[in-house]
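The opening position of the sequence shown corresponds to residue 1 in my numbering, with each subsequent residue numbered one higher. These notes concern the structure reproduced below.
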Amino acid sequence: MPLGRVHILEDRSLRVESVILEDEGEYSCEADNAVGTVSASATLTVHSSPSMKTRPSDQTIELHRDAVFECGVVGNPRPSVFWSLEGNRSLLFPGARNGRFIASGTPEGRTILTLQSVTRNDSGTVAVCSAVNPAGSVIWRARLTVTSPEDHPPPIITLGPTNQTLPVKSMAVLPCSAIGSPAPVITWYRDGAPVLAGSRINISDSGTLQINDLEKRDGGLYTCVASSRSGKATWSGALRLELPTNPNIHFFRSPEPSTFPGPPSRPHTVNKTDSSVTISWTRNNKIGSSSLLGYQVELFGREPETGHVSSGSGWVVAARRVQGPTYTQHHLAPGVSYTFLVRAENSHGLSPPSPLSEPVVMTASGLTWPNGDSEEEMQLNEARASLLAGHVVELIDAQPLTSTSVKLVWEVRVQFW
1 MPLGRVHILE
11 DRSLRVESVI
21 LEDEGEYSCE
31 ADNAVGTVSA
41 SATLTVHSSP
51 SMKTRPSDQT
61 IELHRDAVFE
71 CGVVGNPRPS
81 VFWSLEGNRS
91 LLFPGARNGR
101 FIASGTPEGR
111 TILTLQSVTR
121 NDSGTVAVCS
131 AVNPAGSVIW
141 RARLTVTSPE
151 DHPPPIITLG
161 PTNQTLPVKS
171 MAVLPCSAIG
181 SPAPVITWYR
191 DGAPVLAGSR
201 INISDSGTLQ
211 INDLEKRDGG
221 LYTCVASSRS
231 GKATWSGALR
241 LELPTNPNIH
251 FFRSPEPSTF
261 PGPPSRPHTV
271 NKTDSSVTIS
281 WTRNNKIGSS
291 SLLGYQVELF
301 GREPETGHVS
311 SGSGWVVAAR
321 RVQGPTYTQH
331 HLAPGVSYTF
341 LVRAENSHGL
351 SPPSPLSEPV
361 VMTASGLTWP
371 NGDSEEEMQL
381 NEARASLLAG
391 HVVELIDAQP
401 LTSTSVKLVW
411 EVRVQFW
């Protein structure tokens, strides 16, 4: 008995207040006197409206891979869960298939919607998970975005080698770390020839090159190359080797990363014309071990429709030692998607890169985002998705008609016009 919420009334009836699922079950009443005993039983069934335990989330999937949306719903009685696509009346129950769309269930009770081998045209598809039982309904939406390696900018080298002059027989450490999607692979070259690991040469998993027991022939221009399907980035530093007894040589190693400035904030677009964009950023409070010399602005450009890289082979240095936290890039080509990043510079070197700016496409009328939506349209889409993610339909009645059909009556709680 649920103590505290159960009361026996004067007429001996039983009152259960604020029922919960755990109150469900069989209740028995017994009466006895000197002659005998009698009992009666009744079953209490508690209905609870469907509730999303696992909500389908927005998916960003590479071209030709499968997109998987997952939906977990609880309720009593067990809700009927089905999938649909926004703008399409077809319903997919677990076990059903419609072209490349497959609905399935898991042993844990979740339902899965799989879209096989996504295409460019699938981008923007909204999957809708709906659940209904006699107590109510719930609905949740998730959007699919389809990308390809050409949609991602090339890898970004966050820390690269610098010029060093070291004594023979000492050890050289040439750092190289990079980020990107997909994760880049780092390789090293000396004067254009691949550097191979050996008894004196080690390349760490993070990309750092270490050369022990330096010899004169180890000198040269070392280039770190970070490459992936999205492209590549390079960073070079010269290694000069001299005898340790040479009094005319000033030996110096790469500065410690702690001596560099901190990365600026993400650059934002503050002004634009048909062929130029002005970006602005905020400086980092970390100056490093020397005075700030300025900012280095880098850009990457690619034509969204063809994937052609318009900025050469990858990231291009657009400006060096910019004195203020604002920069205007002129002569931008129409139809090209541009992404910017910024690094701070002091006497010891360059900071790690800032977060990437939002990619922008220049058109004759000004600035748009790569998917063709204006900023206003993007905000409207986000607001609409947020609105539609709540309780939209309330089930009023469910009446079985035959062994295979049911009549449903519902009310729409949200107006879309």
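Quick reminder that beta carbons are idealized off the backbone N, C-alpha and C, glycines included. Being a predicted model, the structure only gives us computed values, none of them experimental.
Contacts around residue i, its chain only, beta-carbon distance under 7 angstroms, and the 5 residues preceding and following it disregarded
i       : result
Asn-371 : Residue confidence is low: Asn-371 scores 49 on pLDDT, short of 50, so the model does not pin down where it sits. No coordinate-derived value is stated.
Arg-5   : Val-16, Glu-17 and Ser-18
Pro-56  : Phe-69, Glu-70, Cys-71, Ala-127, Cys-129, Trp-140 and Ala-142
Leu-420 : Because the chain is modelled from 1 through 417, residue 420 falls outside the range shown and cannot be assessed.
Ala-135 : His-47, Ser-48, Ser-49 and Gly-75
Lys-53  : Gly-72, Val-73 and Val-74
Arg-97  : none
Phe-251 : Thr-165, Leu-166 and Pro-167
Ser-39  : Ser-28, Cys-29 and Glu-30
Same chain only: Cβ atoms within 6 angstroms of residue i, ignoring 5 sequence neighbours per side
i       : result
Trp-235 : Ile-157, Gly-160 and Cys-224
Ser-347 : Ser-290
Phe-300 : Pro-153, Ser-311, Trp-315 and Thr-339
Pro-155 : Ala-178, Gly-180, Pro-184, Ala-226, Ser-228 and Ala-233
Gln-210 : Val-173 and Asn-202
Gly-231 : Pro-154 and Gly-314
Pro-77  : Asn-133
Pro-244 : Pro-167
Exposed unless 16 or more other CB atoms sit within 10 angstroms - verdict on residue i
i       : result
Gln-415 : Its pLDDT being 47, under 50, Gln-415 is placed unreliably in this model, and the coordinates cannot settle the point.
Thr-404 : exposed
Ile-396 : exposed
Arg-343 : buried
Glu-298 : buried
Thr-111 : buried
Gly-349 : buried
Ile-20  : exposed
Ser-41  : exposed
Leu-176 : The sequence shown places Cys at residue 176, rather than the Leu named in the question. Label assigned to Cys-176: buried.
Arg-302 : buried
Gln-164 : buried
Gly-288 : buried
Val-406 : exposed
Ser-28  : exposed
Ser-337 : buried
Leu-401 : exposed
Val-35  : exposed
Val-409 : exposed
Pro-359 : buried
Ala-67  : buried
Pro-79  : buried
Distance cut-off 8 angstroms: residue i Cβ against heavy atoms of the ligand PLP
i       : result
Ser-258 : With respect to the ligand PLP, the structure offers nothing, as it holds no ligand at all.
Best match in the options for proximity to residue i [C-alpha to C-alpha]
i       : options                               : result
Val-118 : Gly-301, Gly-105, His-268 and Leu-144 : Leu-144
Ser-13  : Ala-31, Thr-328, His-250 and Val-360  : Ala-31
Tyr-189 : Gly-262, Asn-212, Ser-265 and Gly-219 : Gly-219
Arg-217 : Glu-26, Val-168, His-250 and Gln-210  : Val-168
Val-322 : Thr-147, Leu-292 and Tyr-222          : Leu-292
Leu-341 : Leu-332, Ser-351, Val-406 and Thr-165 : Ser-351
Asp-23  : Leu-356, Ala-34, Ala-131 and Thr-43   : Thr-43
Pro-247 : His-64, Ser-28, Leu-166 and Glu-303   : Leu-166
Asp-356 : Glu-242, Ile-279, Val-336 and Met-362 : A quick correction: the sequence has Leu, not Asp, at residue 356. Looking at the Cα atoms, Ile-279 is the closest of the given residues.
Glu-411 : Thr-402, Cys-29, Glu-394 and Ala-398  : Glu-394
Thr-114 : Pro-255, Trp-83, Gly-237 and Ala-131  : Trp-83
Arg-253 : Arg-65, Lys-407, Met-171 and Ile-186  : Met-171
Leu-85  : Thr-187, Pro-77 and Gly-99            : Gly-99
Ser-123 : Pro-182, Val-146 and Glu-108          : Val-146
Asn-212 : Val-270, Leu-241 and Leu-91           : Leu-241
Arg-120 : His-268, Asp-205, Asp-151 and Ser-80  : Asp-151
His-222 : Ala-398, Asp-191, Thr-402 and His-250 : Correcting the residue identity first, residue 222 is Tyr in this sequence and not His. Per the Cα distances, Asp-191.
Ile-186 : Gly-237, Ser-206 and Ile-249          : Ser-206
Pro-182 : Ser-148, Phe-93 and Asp-66            : Ser-148
His-268 : Val-81, Tyr-327 and Thr-37            : Tyr-327
Gly-87  : Thr-125, Pro-79 and Pro-94            : Thr-125
Beta-carbon proximity list for residue i, same chain, < 8 angstroms, skipping 5 on both sides
i       : result
Ser-51  : Val-73, Val-74, Gly-75 and Val-138
Pro-264 : Trp-281, Thr-282, Arg-283, Asn-284, Tyr-295, Pro-325, Val-342, Arg-343, Ala-344, Ser-351 and Ser-354
His-330 : Ser-275 and Ser-276
Thr-208 : Val-173, Leu-174, Pro-175, Cys-176 and Ser-177
Pro-334 : Asp-274, Ser-275, Met-362, Thr-363 and Ala-364
message: Could you tell me which whole alpha helix (DSSP H) segments of length 4 or greater appear in the region 51 to 106?
response: Secondary structure remark: continuous alpha helix (DSSP H) runs of at least 4 residues inside the region 51 to 106: none found.
- request: Give, in chain order, every unbroken run of the beta strand (DSSP E) that is at least 3 residues long and sits entirely within the region 305 to 360.
  value: If we require 3 residues or more, the beta strand (DSSP E) runs fully inside the region 305 to 360 come out as 316 to 322, 326 to 329 and 337 to 346.
- prompt: For the region 273 to 290 against the region 189 to 204, are there 3 or more C-beta pairs whose distance is under 8 angstroms?
  reply: Two segments are said to touch when three or more pairs of C-beta atoms, one from each, lie closer than 8 angstroms; by this definition the region 273 to 290 does not touch the region 189 to 204.
message: Assess contact between the region 50 to 63 and the region 100 to 107, defined as three or more Cβ pairs (one per stretch) separated by less than 8 angstroms. Is contact present?
response: In this structure the region 50 to 63 does not touch the region 100 to 107; the number of beta carbon pairs closer than 8 angstroms is below three.
- request: Enumerate, from N- to C-terminal direction, the unbroken beta strand (DSSP E) stretches of 3 or more residues contained entirely within the region 106 to 133.
  value: Listed in chain order, the complete beta strand (DSSP E) runs (minimum 3 residues) inside the region 106 to 133 are 111 to 115 and 126 to 133.
message: To test your reading of the DSSP string, which unbroken beta strand (DSSP E) runs of 3 or more residues are found completely within the region 221 to 269?
response: With a minimum length of 3 residues, the continuous beta strand (DSSP E) runs that stay inside the region 221 to 269 are 231 to 242.
message: Across the region 252 to 262 and the region 317 to 334, are there enough close Cβ pairs to call them in contact, namely three or more that are closer than 8 angstroms?
response: Because the criterion of three Cβ pairs below 8 angstroms is not met, the region 252 to 262 and the region 317 to 334 do not touch.
message: Restricting to runs no shorter than 4 residues, where is the alpha helix (DSSP H) found entirely within the region 147 to 194?
response: For the region 147 to 194, not a single whole alpha helix (DSSP H) run of length 4 or above is found.
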